[in-house]
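Be aware that the sequence shown starts at 1, since it is given in full-length UniProt numbering, and climbs by one per residue.
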Amino acid sequence: MGSIKCNWADNSGGKLPLLVSFWGNEDGGSRRRGLKVMREKIKNSWVEFNDFARKALEMGRSDPRKVIFAVKMGLALSLTSLLIFWKGSYQDFAQYSIWAILTVIVMFEFSIGATFIKGFNRGLGTLCAGILAFCFAELSVVAGKFEEVVIVISIFLTGFCASYLKLYPTMKPYEYGFRVFVLTYCILMVAGNRTREYSQAVLTRLVLIAAGAGVTLVVNICIFPIWAGESLHKLVVKNFKDLATSLEGCVNGYLKCVEYERIPSKILTYQAADDPLYNCYRSVVQSTSEEDTLLGFATWEPPHGPYRHNYPWENFVKVSGAVKHCAFTVMALHGCILSEIQAPADRRHVFSNELQKVGSEGAKVLRELGSKLEKMEKLSPGDILKNVHEAAEQLQQKIDHKSYVLVNSEGWEIGGRPMELDLEDLINAAEDENMKLGSKSLSEAVLEVRSVSVGTALCYDAKNTLRTWPSNVSANGGSMVKGDEFKTYESASALSLATFTSLLIEFVARLGNVVSSFEELSLKANFKDPPIINMPPEPCKGVPTWVV
Numbered sequence: 001m002g003s004i005k006c007n008w009a010d011n012s013g014g015k016l017p018l019l020v021s022f023w024g025n026e027d028g029g030s031r032r033r034g035l036k037v038m039r040e041k042i043k044n045s046w047v048e049f050n051d052f053a054r055k056a057l058e059m060g061r062s063d064p065r066k067v068i069f070a071v072k073m074g075l076a077l078s079l080t081s082l083l084i085f086w087k088g089s090y091q092d093f094a095q096y097s098i099w100a101i102l103t104v105i106v107m108f109e110f111s112i113g114a115t116f117i118k119g120f121n122r123g124l125g126t127l128c129a130g131i132l133a134f135c136f137a138e139l140s141v142v143a144g145k146f147e148e149v150v151i152v153i154s155i156f157l158t159g160f161c162a163s164y165l166k167l168y169p170t171m172k173p174y175e176y177g178f179r180v181f182v183l184t185y186c187i188l189m190v191a192g193n194r195t196r197e198y199s200q201a202v203l204t205r206l207v208l209i210a211a212g213a214g215v216t217l218v219v220n221i222c223i224f225p226i227w228a229g230e231s232l233h234k235l236v237v238k239n240f241k242d243l244a245t246s247l248e249g250c251v252n253g254y255l256k257c258v259e260y261e262r263i264p265s266k267i268l269t270y271q272a273a274d275d276p277l278y279n280c281y282r283s284v285v286q287s288t289s290e291e292d293t294l295l296g297f298a299t300w301e302p303p304h305g306p307y308r309h310n311y312p313w314e315n316f317v318k319v320s321g322a323v324k325h326c327a328f329t330v331m332a333l334h335g336c337i338l339s340e341i342q343a344p345a346d347r348r349h350v351f352s353n354e355l356q357k358v359g360s361e362g363a364k365v366l367r368e369l370g371s372k373l374e375k376m377e378k379l380s381p382g383d384i385l386k387n388v389h390e391a392a393e394q395l396q397q398k399i400d401h402k403s404y405v406l407v408n409s410e411g412w413e414i415g416g417r418p419m420e421l422d423l424e425d426l427i428n429a430a431e432d433e434n435m436k437l438g439s440k441s442l443s444e445a446v447l448e449v450r451s452v453s454v455g456t457a458l459c460y461d462a463k464n465t466l467r468t469w470p471s472n473v474s475a476n477g478g479s480m481v482k483g484d485e486f487k488t489y490e491s492a493s494a495l496s497l498a499t500f501t502s503l504l505i506e507f508v509a510r511l512g513n514v515v516s517s518f519e520e521l522s523l524k525a526n527f528k529d530p531p532i533i534n535m536p537p538e539p540c541k542g543v544p545t546w547v548v
């Protein structure tokens, strides 16, 4: 906007035109800012739309079943909508065809089991509502001038009984059926009272609902069926693999002294985060509700594929529960990495080989069980836990051998121990009959005991200060903590290593429950026997190989 010209006279000495010119420019600037904001909003909306479209395409590529489900839903609705063009003798089918369409919408579910449950609830609720509506309709006709009173009282009783019974714990799976029952009954009574043809209204709606249910079942079962039991099977297999990944990640990260500069708040509040190590064991723990839902659907599905009649789906959930029991230990292992109190790297290195072996063997057992479950095979002859048990025993022996590393060993003996004592002096002193060992531990009396310097007592961050606890201790010697207090901090850092090792041993102990649950499942589900691997016979001594 340019300046606005003024032709009237004034006594302001030419100031009024300048003032009008100023406001004209101000109005133009506001419009320009408004257009700029509008352009930014349109641009942001376009970016968000592109991001939404990209994620939608990625969802379809990652799980094609979702695309198949959408296609089947559209096909079922299209077939049902043909009733709109019904030209036969019963014109009510075309008029009330919306009942068939609504049946397809509410009954068509992602999996076959969910569709059967919805169909059962829909059919049972509609049938009961139809019978009850027919009875009360006849009663209202007999009542004569009290017809309206009978209808209102019947609707009240129906709503009261259905709403109260659906709150009963064992009736929770049939909650949808109760809703359909009340809705259908009210609609039938209203429609019948308006047309005065209760029987025809009930019969027409029952037929249309049956037609919609039939189309739903045929399309959903016959065209690329999606089974809830198969989804449950894959979910339990995925839990094995995710837990193995988390276990290896926790052990490797702890031995490499991985530290978080700042722990994400989403991890502290147990929300989804970008940490793959955290997300793996979190998905295992969080899968309980999904497993229960799939279990309820799978029990309704007919035999299909390798899943026979009365398949033990409950045992799949039982195996997954045993895996979750191990996942809690892995969660605690990850908590040791997140902890503010950390053991120094040199102390971790003492048990590094044993910890690494236990972690790798434990992950190997989980992956082996997951692979067997995926292939539906029984375990091979032999003890699958043999190697991981041996690794755990070696770790336990190492702990017994060098237990002084896990605690502040100065408090083990009567009086103070020498601050500097090498192995040679310790052996020579042990040969002296006059030397009193007091309550010194055997491992400390035989092995080298070296004092841990202040600079390596705890793990440090990039700023060369103690991580966060205690906050008033500096690695440069400028400690504001007294000697006794610092020994407390040093002991706490050593005990964090003891916590990690004991949790890893506890994980190995819990693996036995996982194996027992898997063996029970393999027997009840009649898994196939593992393939027999024929080993070539060993050649006899003294006989050439080519003769054998």
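We put the beta carbon where it would ideally sit given N, CA and C, even for glycine.
Residue state for H304 is assigned as strand, using DSSP reduced to three classes. With respect to the C-alpha of P173, the residue from F85, S380, L295, V514 having the closest C-alpha is L295. Under the three-pair Cβ rule at 8 Å, the segment 232 to 244 counts as touching the segment 366 to 378. Scanning L366, L395, N121 for the CA closest to the CA of L385 turns up L366. The three-state reading of DSSP puts E40 in helix, counting H, G and I together. Note that the segment 114 to 126 does not touch the segment 134 to 153; fewer than 3 beta-carbon pairs, one per stretch, sit closer than 8 Å. Taking C-beta separations shorter than 8 Å and ignoring five residues to either side along the sequence, the partners of N315 in its chain run S517, E520, L521, K524, A525, following chain order.
Of S97, R61, Q200, L338, the smallest CA-CA separation from L77 is found for S97.
According to the DSSP assignment, V104 belongs to the alpha helix (DSSP H) that extends over 98 to 107. Each of L497, R65, R33, S380 was checked against the Cα of V405, and the nearest Cα belongs to L497.
Looking from the CA of C336, the closest CA among V258, L206, S111, K324 belongs to V258.
Note on geometry: alpha-carbon atoms of K528 and V317 lie some 20 Å from one another.
Note on geometry: alpha-carbon atoms of R282 and W227 lie some 25 Å from one another. Nearest Cα to S287 within the set D275, L232, T299, T329: L232. Beta bridge pairing from DSSP links K528 with E377. Counted as a single uninterrupted DSSP element, the alpha helix (DSSP H) harbouring V236 occupies residues 228 to 255. One alpha carbon belongs to I341, the other to E290, and they sit about 36 Å apart.
A distance of 8 Å or more separates the beta carbons of I112 and T80. Of the candidates H304, G60, A94, N44, the residue whose Cα lies closest to the Cα of C222 is H304. Annotated three-state conformation of L504 is helix, per DSSP.
Annotated three-state conformation of Q286 is coil, per DSSP.
Taking C-beta separations shorter than 7 Å and ignoring five residues to either side along the sequence, the partners of K398 in its chain run F351, E354, following chain order. In the DSSP annotation of this structure, the continuous segment of the alpha helix (DSSP H) that includes F328 starts and ends at 313 to 338. Closest by C-alpha distance to F328, out of L247, E109, S154, T204, is L247.
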